[in-house]
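Count the sequence shown with UniProt numbering and you get residues 1 to 153, in order.
Just below is one structure, and these are the notes that go with it.
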Amino acid sequence: MDEDGLPLMGSGIDLTKVPAIQQKRTVAFLNQFVVHTVQFLNRFSTVCEEKLADLSLRIQQIETTLNILDAKLSSIPGLDDVTVEVSPVSVTGVTNETTSEPSQGVPVMAIRNKMISEGLDPDLLERPDAPVPDGEGEKNAEESSDSESSFSD
Numbered sequence: 001m002d003e004d005g006l007p008l009m010g011s012g013i014d015l016t017k018v019p020a021i022q023q024k025r026t027v028a029f030l031n032q033f034v035v036h037t038v039q040f041l042n043r044f045s046t047v048c049e050e051k052l053a054d055l056s057l058r059i060q061q062i063e064t065t066l067n068i069l070d071a072k073l074s075s076i077p078g079l080d081d082v083t084v085e086v087s088p089v090s091v092t093g094v095t096n097e098t099t100s101e102p103s104q105g106v107p108v109m110a111i112r113n114k115m116i117s118e119g120l121d122p123d124l125l126e127r128p129d130a131p132v133p134d135g136e137g138e139k140n141a142e143e144s145s146d147s148e149s150s151f152s153d
């Protein structure tokens, strides 16, 4: 025995005289543990899927906006010889959206839908060298300035 009075080898209890653990109670504890663990994992999975879906939607919206901006910039004459220096670190996560492969970039229909929702002519995608329509941008600018001036009082 050690200084606390406990035996050095084993507990000193005759296990043949100890009653068995109730199996029903043990099974109930295990079932409760399994049920709670499964519920937690299901909730966790659902939250993760929702966040991934939201993130995917946001990425698609950003890609659509970038494609629209790219189309607008490429339609401006005289910018063909302009170069921009980009650090290699910022390019690593960007996909090449000028390729004709359907697996990369934003679908054309998404860009067309975004252009329609923004009040732009989606046919400009087929003819990027077409001149910018006169008057439409000025009308929208005048309308927005009129509406802004009415709220400034």
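Note that the Cβ used here is the ideal one computed from N, Cα and C, for glycine as well.
Item	Value
Nearest residue (CA-CA) to Val106, options Gln23, Phe44 and Leu69	Leu69
Cβ contact (3+ pairs, closer than 8 Å) linking the stretch 30-38 and the stretch 70-80	no
Assigned exposure category for Ile116 - 16 Cβ within 10 Å defines buried	exposed
8 Å Cβ shell around Asn67 - same chain, five flanking residues per side excluded	Glu97, Gly105, Val106 and Ile111
Val34 in three-state terms, based on DSSP	helix
Rounded separation between Glu85 and Ile62 - CA only	21 Å
Reduced DSSP category for Leu66 - H, G, I as helix; E, B as strand; rest coil	helix
Three-state secondary structure (DSSP) of Thr26	helix
Which of helix, strand or coil DSSP assigns to Asp81	coil
8 Å contact criterion, which Thr64 and Lys114 should meet: CB distance rounded	5 Å
Residue closest to Ser75, alpha-carbon to alpha-carbon, out of Leu125, Leu41, Val18 and Gln60	Leu125
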